[in-house]
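Below: one structure, written as structure tokens.
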RNA sequence: CGCGGGGUAGAGCAAUUGGCAGCUCGCAAGGCUCAUAACCUUGAGGUUGUGGGUUCGAGUCCCACCCCCGCAA
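Numbering (this note's numbering), first residue to last: 32 to 340.
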């Protein structure tokens with residue numbers, strides 16, 4: 032039976048690990064070290080470590096893959112194939128070389144488009160109409176390897192990150208389970224990517240969620256869709272962070288209004304953008320819980336007419 | 001002991017140096033109206049997160065604890 036060594040860290044990784052474990056022999060699981068998380072800095076192991084523990088797999092949590100110890104540990108597992116899903120660290124070539132039949136990776140974009148760490152957010156931010164999942168063989172460059180299988184899906188105009196991610200995850204699970212047996216059976220010919228057409232996306236930071244009200248409403252809406260899961264979009268009100276939790280594009284046309292100014296129009300809370308406007312449905316002020324816009328203004332009378340920055 | 005905000009009526013929020021606990025919305029009853037989340041009248045609702053302390057008197061000051069949240073990670 033083919034021996035799989037699994038690399039992963041996230042919830043999604045854990046889900047795939049579980050699915051793989053039903054059909055394949057998992058000789059080991061490599062995941063990130065436990066991290067202090069939350070307000071109280073409690074140490075918590077990764078979702079993959081938790082699942083792997085439940086399933087009784089050997090778990091490795093190397094601080095680094097660049098030393099002899101990690102190399103030897105992985106070598107000892109004698110895996111035929113690696114499956115790498117959202118592991119979160121670069122895997123050095125000498126480790127990848129230990130996989131006799133290669134290392135397989137899932138990337139949620141239509142490679143060579145959107146290589147890099149934030150493909151799901153980036154396609155939403157750019158207002159793309161379609162994306163997809165690519166299963167590929169890893170090489171030393173990021174998302175650069177030969178393609179084994181690829182499938183497209185459409186993006187709904189109002190789809191948010193969580194929804195698109197869910198669709199891509201479902202598709203990924205289906206594709207990886209389909210790809211591995213076919214690949215091992217030599218039914219798939221790895222296809223070189225067209226590297227000339229490659230595009231890249233970057234690591235997202237908190238600052239990417241800050242709203243620039245001068246931008247057109249449509250762009251702000253895409254920003255909302257892209258970052259709704261994290262970091263969310265936000266602005267400031269009375270020198271406090273105001274998270275904008277739920278918005279919609281509105282057809283209200285505010286003429287000659289300064290971008291960022293809040294208006295009330297037929298009981299709707301509207302914010303002027305550089306072009307067009309946004310209706311706020313739910314928001315959250317620093318230190319407070321999420322609330323609807325209508326409730327928010329009951330206790331913040333000066334919100335209407337204020338200018339968000 | 002990482003930094004910080006907060007807990008007051010069903011909801012969102014006020015309450016000056018400690019001095020009758022309020023506003024808006026919602027809710028209930030009645031009225032008005034062709035009519036919009038309309039308008040008018042009346043009303044119900046609170047042990048101010050919990051437990052102590054100071055005081056003639058505590059939402060407010062002091063101590064301890066519980067819970068929620070923003071930052072950070």
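Glycine included, C-beta positions come from ideal geometry on N, C-alpha and C.
Point to revise | Proximal residues to residue 161 (C-beta, below 8 Å), its chain only, five neighbours per side dropped | key: On the first chain, position 130 is the one that residue 161 refers to. Around residue 161: 141, 183, 184, 185 and 186.
Check your understanding: Do residue 38 and residue 122 come within 9 Å of each other at the CB atom, strictly closer than that value?
Key -> Indexing the first chain from 1 puts residue 122 at position 91. Indexing the first chain from 1 puts residue 38 at position 7. Contact: yes.
Review point. Counting Cβ pairs closer than 8 Å, one from the region 257-276 and one from the region 209-225, do we hit at least three?
Key: no
Practice item. In angstroms with no decimal places, state the Cα-to-Cα distance between residue 133 and residue 113. Key: Within the first chain, residue 133 is the residue found at index 102, counting from 1. Within the first chain, residue 113 is the residue found at index 82, counting from 1. Roughly 6 Å separates the two Cα atoms.
Review point. Going along the chain, which residues of its own chain have a beta-carbon closer than 6 Å to the beta-carbon of residue 337, five neighbours each way excluded?
Key: One-based indexing of the first chain puts residue 337 at position 306. So the qualifying residues of the chain are 293.
**Study point:** Local conformation of residue 277 per DSSP, three classes
**Key:** In the first chain, residue 277 corresponds to position 246, counting from 1. Three-state DSSP puts residue 277 in a strand.
Practice item. Could you tell me whether the Cβ atoms of residue 126 and residue 180 are closer together than 9 Å? Key: Within the first chain, the letter at position 95 stands for residue 126. Within the first chain, the letter at position 149 stands for residue 180. No, the Cβ-Cβ distance between residue 126 and residue 180 is not below 9 Å.
**Study point:** Sheet register partners of residue 136 (DSSP bridge)
**Key:** Against the first chain, residue 136 aligns to sequence position 105. DSSP lists 115 and 167 as partners of residue 136.
Review point. DSSP state of residue 157, grouped into three classes?
Key: In the first chain, counting from the first residue as 1, residue 157 sits at position 126. Reduced to three states, the DSSP call for residue 157 is coil.
Review point. In three-state DSSP terms, what is residue 201?
Key: Here the question's residue 201 lines up with position 170 in the first chain. DSSP places residue 201 in the helix class (H, G or I) of the three-state scheme.
Review point. Which residues in the same chain have their Cβ closer than 8 Å to the Cβ of residue 244, if we skip the five residues on either side of it in sequence?
Key: Taking the first residue of the first chain as 1, we reach residue 244 at position 213. Here the set comprises 251, 266, 290, 291, 302, 303, 304, 305, 339 and 340.
**Study point:** Spatial neighbours of residue 288 in its chain, beta-carbon cut-off 6 Å, leaving aside the 5 residues before and after
**Key:** Numbered from 1 along the first chain, position 257 holds the residue referred to as residue 288. Around residue 288: 303.
Review point. Rounded to whole angstroms, how far is the Cβ of residue 147 from the Cβ of residue 169, which I believe are closer than 8 Å?
Key: For this step, residue 147 is matched to residue 116 along the first chain. For this step, residue 169 is matched to residue 138 along the first chain. With a Cβ gap of about 14 Å, residue 147 and residue 169 do not count as contacting.
**Study point:** Distance between residue 226 and residue 277 (C-alpha atoms, nearest Å)
**Key:** As a first step, residue 277 must be located in the first chain, where it is residue number 246. As a first step, residue 226 must be located in the first chain, where it is residue number 195. When rounded, the distance between both Cα atoms is 38 Å.
Point to revise | Contacting residues, own chain, Cβ-Cβ under 7 Å from residue 56 (five flanking each side not counted) | key: Taking the first residue of the first chain as position 1, residue 56 is located at position 25. Excluding sequence neighbours, residue 56 sits near 32, 33, 34 and 35.
**Study point:** Ordered list of beta strand (DSSP E) runs contained in the region 45-93, each at least 3 residues
**Key:** 56-61, 66-68 and 73-75
Exercise for review: Specify, as a first and last residue, the run of the alpha helix (DSSP H) that residue 325 falls within.
Suggested key: Taking the first residue of the first chain as position 1, residue 325 is located at position 294. Per DSSP, residue 325 belongs to the alpha helix (DSSP H) from 324-330.
Practice item. Keeping to the same chain, check which residues put their C-beta closer than 6 Å to that of residue 200; ignore five residues upstream and five downstream. Key: For this step, residue 200 is matched to residue 169 along the first chain. Same-chain partners within the cutoff: 43.
Review point. CB-CB under 7 Å to residue 324, same chain, minus the five flanking residues each way: which ones, in chain order?
Key: Against the first chain, residue 324 aligns to sequence position 293. Correct list, in chain order: 300, 311, 312, 313 and 314.
Point to revise | Proximity to residue 192 [Cα-Cα], best of 264, 59 and 242 | key: On the first chain, residue 192 is found 161 positions in, with the first residue counted as 1. Out of 264, 59 and 242, 264 has the C-alpha closest to the C-alpha of residue 192.
Exercise for review: Compute the Euclidean distance between the alpha carbons of residue 248 and residue 281, then round it to the nearest angstrom.
Suggested key: In the first chain, counting from the first residue as 1, residue 248 sits at position 217. In the first chain, counting from the first residue as 1, residue 281 sits at position 250. Distance between the alpha carbons of residue 248 and residue 281: 9 Å.
Point to revise | Whole-number beta carbon distance between residue 46 and residue 149, since they are thought to touch under 8 Å | key: Residue 149 sits at position 118 when you count from the first residue of the first chain. Residue 46 sits at position 15 when you count from the first residue of the first chain. Going by Cβ atoms, the distance from residue 149 to residue 46 rounds to 20 Å, so no, they are not a contact pair.
Check your understanding: Could you give the distance in angstroms between the alpha-carbon of residue 295 and the alpha-carbon of residue 70?
Key -> Locating residue 295 in the first chain gives position 264, counting from the first residue. Locating residue 70 in the first chain gives position 39, counting from the first residue. Taking the straight line from one Cα to the other gives about 36 Å.
Check your understanding: Where do the ends of the beta strand (DSSP E) carrying residue 146 lie?
Key -> Here residue 146 refers to the residue found at position 115 of the first chain. No beta strand (DSSP E) contains residue 146, which DSSP labels as neither H nor E.
Practice item. Excluding the 5 residues preceding and the 5 following residue 49 in the sequence, name in chain order all residues of the same chain whose CB lies nearer than 8 Å to its CB. Key: Against the first chain, residue 49 aligns to sequence position 18. Hits under 8 Å: 82 and 86.
Exercise for review: Specify, as a first and last residue, the run of the beta strand (DSSP E) that residue 106 falls within.
Suggested key: Counting from one through the first chain, the residue named residue 106 turns up at place 75. Premise fails: residue 106 lies in the alpha helix (DSSP H), 99-108, not in any beta strand (DSSP E).
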